[in-house]
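Residue numbers (this note's numbering): 15 to 199.
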């Protein structure tokens, strides 16, 4: 997939915005979720699928996925492992970490010189603190990362967990009557 340069960006299609708004909170738990969304948007199910495919192909949507509430599944521990990776190797090591089964998130962040030396973050979940640490030890051994400075930040309390939401209710693309909002046409 080739991502567009900033100079290639165009004004989003109002119906695409409405579609993103309709799916960002999750697909309806019905036998034909795309048909239900199509009904809400006054288009066909085939049009919903065609638009989603196009949004995926253009990179406007990277993927469709689920948000798993890991605690309800017995995964009670998680830790953000922060790494101090040489800048010229952060992409390589980030891809390596991202391929590991125990890593659920991996991303680069800026350092804060003098305050925060870490530039690569990955999340590891486990049924217990000990399980997370075992996964981390195995990851370090198998990937040969023992030479990298890192720290392990265990979560103490969960305040919120949900998927990303990009179009808020006040930015509604579809009004309650099922029409495209005037501000988006």
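All residues carry an ideal CB built from backbone N, CA and C; glycine is no exception.
The DSSP assignment places complete beta strand (DSSP E) segments of no fewer than 3 residues inside the segment 79-136 at 91-97 and 117-122, in order along the chain. In the structure shown, the three-state DSSP call for residue 155 is helix.
Per DSSP, the beta-bridge partners of residue 138 are 93 and 117.
Remark: C-beta atoms of residue 70 and residue 34 do not approach each other more closely than 9 Å.
In this structure, residue 91 sits near residue 146, with a CB-CB distance shorter than 9 Å. Contact check for residue 162 against residue 97 passes: the beta carbons are separated by less than 9 Å. Beta-bridge partners of residue 173 (DSSP): none assigned.
By the criterion of a C-beta distance shorter than 6 Å, residue 168 is surrounded in its chain by 93, once the five residues flanking it on both sides are discounted.
One Cα belongs to residue 86, the other to residue 138, and the distance between them is close to 16 Å.
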